[in-house]
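Okay, structure first, notes after.
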Amino acid sequence: MGGGTKLREYSLYFWEILWGVFFLLGLRFDCIELLGNKGIHIIGNQYYRFFTGLLIHVNLFHTVINMCSLYWVSVFLHGQVDGWKLLLFSTVTGTLTNILFSFIYPDSTSVGGSPVVFSLIGFIVILQFLRPDLPRFQTNTTYAAWIIGYGILGNLPVFSKNISTLVIHSIAFFIALVVGYLSIRFQIL
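When you read off a place in the sequence shown, starting at 1, and then add 389, the result is the number in the numbering used here.
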(Lines of atoms letter the chains of each structure in order from A and count residues from 1; the text may use other names and numbers.)
(Lines give C-alpha, C1' and ligand atoms only; values in the text may rest on other atoms or scores of the structure.)
Protein backbone atom coordinates (compact mmCIF):
# COMPACT_ATOMS: atom_id res chain seq x y z
CA MET A 1 0.00 0.00 0.00
CA GLY A 2 1.03 3.64 0.33
CA GLY A 3 3.92 4.84 2.39
CA GLY A 4 7.50 5.23 1.35
CA THR A 5 9.30 8.40 0.49
CA LYS A 6 7.64 11.58 -0.73
CA LEU A 7 9.04 10.83 -4.18
CA ARG A 8 7.21 7.50 -4.23
CA GLU A 9 4.01 9.06 -2.93
CA TYR A 10 4.00 11.74 -5.59
CA SER A 11 5.39 9.77 -8.52
CA LEU A 12 2.31 10.48 -10.66
CA TYR A 13 3.53 14.07 -10.84
CA PHE A 14 6.24 12.81 -13.18
CA TRP A 15 3.51 12.86 -15.83
CA GLU A 16 2.87 16.53 -15.14
CA ILE A 17 6.56 17.35 -15.27
CA LEU A 18 6.91 15.51 -18.59
CA TRP A 19 3.80 17.20 -19.99
CA GLY A 20 5.20 20.60 -19.02
CA VAL A 21 8.63 19.87 -20.50
CA PHE A 22 7.16 18.59 -23.77
CA PHE A 23 4.77 21.54 -23.96
CA LEU A 24 7.76 23.87 -23.72
CA LEU A 25 9.67 21.82 -26.29
CA GLY A 26 6.60 22.08 -28.52
CA LEU A 27 7.05 25.85 -28.59
CA ARG A 28 10.35 25.28 -30.39
CA PHE A 29 9.79 21.99 -32.26
CA ASP A 30 6.84 20.26 -33.93
CA CYS A 31 6.47 17.63 -31.21
CA ILE A 32 3.15 16.40 -32.62
CA GLU A 33 4.88 15.44 -35.85
CA LEU A 34 8.00 14.13 -34.11
CA LEU A 35 6.39 12.17 -31.25
CA GLY A 36 2.60 12.02 -31.67
CA ASN A 37 0.81 8.68 -31.73
CA LYS A 38 0.13 7.49 -35.28
CA GLY A 39 -2.42 5.08 -36.66
CA ILE A 40 -1.15 1.62 -37.51
CA HIS A 41 -1.18 2.37 -41.26
CA ILE A 42 1.15 5.36 -40.91
CA ILE A 43 3.30 4.61 -37.86
CA GLY A 44 5.99 2.76 -39.83
CA ASN A 45 8.34 1.15 -37.35
CA GLN A 46 8.12 4.05 -34.89
CA TYR A 47 6.32 2.12 -32.16
CA TYR A 48 7.73 4.40 -29.45
CA ARG A 49 4.92 6.76 -30.53
CA PHE A 50 2.40 4.60 -28.66
CA PHE A 51 4.06 5.96 -25.51
CA THR A 52 5.33 9.37 -26.61
CA GLY A 53 1.90 10.37 -27.90
CA LEU A 54 0.88 10.49 -24.22
CA LEU A 55 3.44 13.25 -23.59
CA ILE A 56 2.35 15.72 -26.27
CA HIS A 57 -0.64 18.08 -26.14
CA VAL A 58 -2.34 20.28 -28.72
CA ASN A 59 -1.95 23.54 -26.78
CA LEU A 60 -1.57 25.07 -23.32
CA PHE A 61 -5.27 24.62 -22.46
CA HIS A 62 -5.10 20.90 -23.31
CA THR A 63 -1.95 20.53 -21.18
CA VAL A 64 -3.29 22.43 -18.16
CA ILE A 65 -6.66 20.62 -18.12
CA ASN A 66 -4.92 17.23 -18.11
CA MET A 67 -2.49 18.42 -15.41
CA CYS A 68 -5.31 19.68 -13.18
CA SER A 69 -7.35 16.53 -13.68
CA LEU A 70 -4.38 14.29 -12.92
CA TYR A 71 -3.75 16.32 -9.79
CA TRP A 72 -7.29 15.71 -8.48
CA VAL A 73 -7.17 12.02 -9.40
CA SER A 74 -3.88 11.86 -7.46
CA VAL A 75 -5.51 13.58 -4.47
CA PHE A 76 -8.02 10.74 -4.23
CA LEU A 77 -5.53 7.92 -4.89
CA HIS A 78 -2.85 9.33 -2.58
CA GLY A 79 -1.82 6.72 -0.04
CA GLN A 80 -4.13 4.01 -1.40
CA VAL A 81 -1.69 2.42 -3.85
CA ASP A 82 2.07 2.92 -4.07
CA GLY A 83 2.83 5.84 -6.36
CA TRP A 84 5.35 3.92 -8.47
CA LYS A 85 2.74 1.24 -9.11
CA LEU A 86 0.26 3.90 -10.21
CA LEU A 87 2.89 5.39 -12.50
CA LEU A 88 3.57 1.97 -14.03
CA PHE A 89 -0.17 1.21 -14.26
CA SER A 90 -0.93 4.50 -16.03
CA THR A 91 2.03 4.07 -18.39
CA VAL A 92 0.95 0.55 -19.38
CA THR A 93 -2.75 1.35 -19.72
CA GLY A 94 -2.11 4.63 -21.55
CA THR A 95 0.24 2.91 -24.00
CA LEU A 96 -2.20 0.02 -24.53
CA THR A 97 -4.92 2.60 -25.18
CA ASN A 98 -2.84 4.25 -27.90
CA ILE A 99 -2.08 0.87 -29.48
CA LEU A 100 -5.75 -0.09 -29.67
CA PHE A 101 -6.75 3.40 -30.83
CA SER A 102 -4.16 3.14 -33.63
CA PHE A 103 -5.95 0.07 -34.96
CA ILE A 104 -9.39 1.69 -34.74
CA TYR A 105 -8.17 4.91 -36.41
CA PRO A 106 -5.35 3.51 -38.60
CA ASP A 107 -4.66 6.71 -40.55
CA SER A 108 -4.82 9.22 -37.69
CA THR A 109 -2.48 11.13 -35.43
CA SER A 110 -3.42 11.52 -31.78
CA VAL A 111 -1.83 13.28 -28.84
CA GLY A 112 -2.58 13.97 -25.22
CA GLY A 113 -2.29 12.62 -21.73
CA SER A 114 -5.99 12.00 -21.25
CA PRO A 115 -5.59 8.21 -21.67
CA VAL A 116 -3.43 8.37 -18.53
CA VAL A 117 -6.10 10.29 -16.61
CA PHE A 118 -9.04 8.22 -17.86
CA SER A 119 -7.21 5.00 -17.08
CA LEU A 120 -6.69 6.18 -13.51
CA ILE A 121 -10.38 7.10 -13.29
CA GLY A 122 -11.17 3.56 -14.43
CA PHE A 123 -8.80 2.29 -11.76
CA ILE A 124 -10.66 4.31 -9.12
CA VAL A 125 -13.90 2.62 -10.21
CA ILE A 126 -12.43 -0.88 -9.99
CA LEU A 127 -10.92 -0.10 -6.57
CA GLN A 128 -14.38 0.87 -5.34
CA PHE A 129 -15.68 -2.60 -6.18
CA LEU A 130 -12.71 -4.81 -5.38
CA ARG A 131 -11.09 -3.05 -2.43
CA PRO A 132 -13.77 -2.18 0.15
CA ASP A 133 -10.97 -1.62 2.69
CA LEU A 134 -9.88 1.55 0.84
CA PRO A 135 -11.56 4.97 1.18
CA ARG A 136 -14.80 5.42 -0.74
CA PHE A 137 -15.12 8.00 -3.52
CA GLN A 138 -17.07 10.90 -1.98
CA THR A 139 -19.14 12.84 -4.52
CA ASN A 140 -19.43 15.97 -2.37
CA THR A 141 -15.70 16.80 -2.57
CA THR A 142 -13.53 19.03 -4.71
CA TYR A 143 -11.68 16.05 -6.18
CA ALA A 144 -15.01 14.48 -7.19
CA ALA A 145 -16.20 17.68 -8.86
CA TRP A 146 -13.00 17.81 -10.91
CA ILE A 147 -12.96 14.12 -11.79
CA ILE A 148 -16.65 13.96 -12.72
CA GLY A 149 -16.46 17.28 -14.58
CA TYR A 150 -13.40 16.11 -16.50
CA GLY A 151 -15.12 12.81 -17.27
CA ILE A 152 -18.05 14.67 -18.83
CA LEU A 153 -16.44 17.76 -20.36
CA GLY A 154 -13.34 15.82 -21.47
CA ASN A 155 -15.50 13.87 -23.88
CA LEU A 156 -16.74 16.91 -25.77
CA PRO A 157 -14.98 16.96 -29.15
CA VAL A 158 -13.24 20.31 -28.61
CA PHE A 159 -10.01 19.45 -30.44
CA SER A 160 -10.91 16.40 -32.53
CA LYS A 161 -14.25 17.68 -33.90
CA ASN A 162 -15.44 14.03 -34.00
CA ILE A 163 -16.14 11.09 -31.69
CA SER A 164 -12.50 9.98 -31.54
CA THR A 165 -12.18 11.82 -28.21
CA LEU A 166 -14.94 9.71 -26.68
CA VAL A 167 -13.46 6.58 -28.27
CA ILE A 168 -9.95 7.00 -26.88
CA HIS A 169 -11.20 7.97 -23.41
CA SER A 170 -13.55 4.97 -23.35
CA ILE A 171 -10.74 2.65 -24.42
CA ALA A 172 -8.52 3.97 -21.60
CA PHE A 173 -11.30 3.58 -19.06
CA PHE A 174 -12.15 0.00 -20.06
CA ILE A 175 -8.52 -1.11 -20.40
CA ALA A 176 -8.01 0.21 -16.86
CA LEU A 177 -10.97 -1.81 -15.62
CA VAL A 178 -9.47 -5.00 -17.08
CA VAL A 179 -5.85 -4.35 -16.10
CA GLY A 180 -6.95 -3.05 -12.71
CA TYR A 181 -9.07 -6.13 -12.08
CA LEU A 182 -6.20 -8.45 -13.04
CA SER A 183 -3.69 -6.43 -11.00
CA ILE A 184 -5.84 -6.60 -7.88
CA ARG A 185 -6.86 -10.23 -8.45
CA PHE A 186 -3.21 -11.31 -8.72
CA GLN A 187 -2.15 -8.90 -5.94
CA ILE A 188 0.14 -6.81 -8.12
CA LEU A 189 -1.55 -3.59 -6.96
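All C-beta atoms, glycine included, are put in the ideal place defined by N, C-alpha and C.
Review point. Which of the three DSSP states, helix, strand or coil, is assigned to T480?
Key: helix
Exercise for review: Give me whichever residues DSSP pairs with N434 in a beta bridge.
Suggested key: The partner list for N434 (beta bridge, DSSP) is empty, contrary to what the question assumes.
Check your understanding: Can you tell me the Cα-Cα spacing of V629 and I557, whole angstroms?
Key -> Not covered by the structure: residue 629. The range shown for the chain is 390 to 578.
Practice item. Give the C-beta separation of L509 and V462 to the nearest angstrom, bearing in mind that I take them to be a contact with Cβ-Cβ under 8 Å. Key: 5 Å
Point to revise | 4 or more residues per run - each alpha helix (DSSP H) lying fully within the region 496–568 | key: 503–519 and 531–542
Exercise for review: Assign N455 to one of three DSSP states: helix, strand, or coil.
Suggested key: helix
Practice item. Determine contact between the region 536–550 and the region 485–496, defined as no fewer than three beta-carbon pairs at a distance below 8 Å. Key: no
Exercise for review: Compare the beta carbon distance of A561 and T486 with 7 Å and say whether it is the shorter of the two.
Suggested key: yes
Exercise for review: Count the other C-beta atoms from every protein chain shown that fall within 10 angstroms of the C-beta of A534, then say buried if there are 16 or more, exposed otherwise.
Suggested key: exposed
Check your understanding: In this structure, does DSSP put N426 in helix, strand or coil?
Key -> strand
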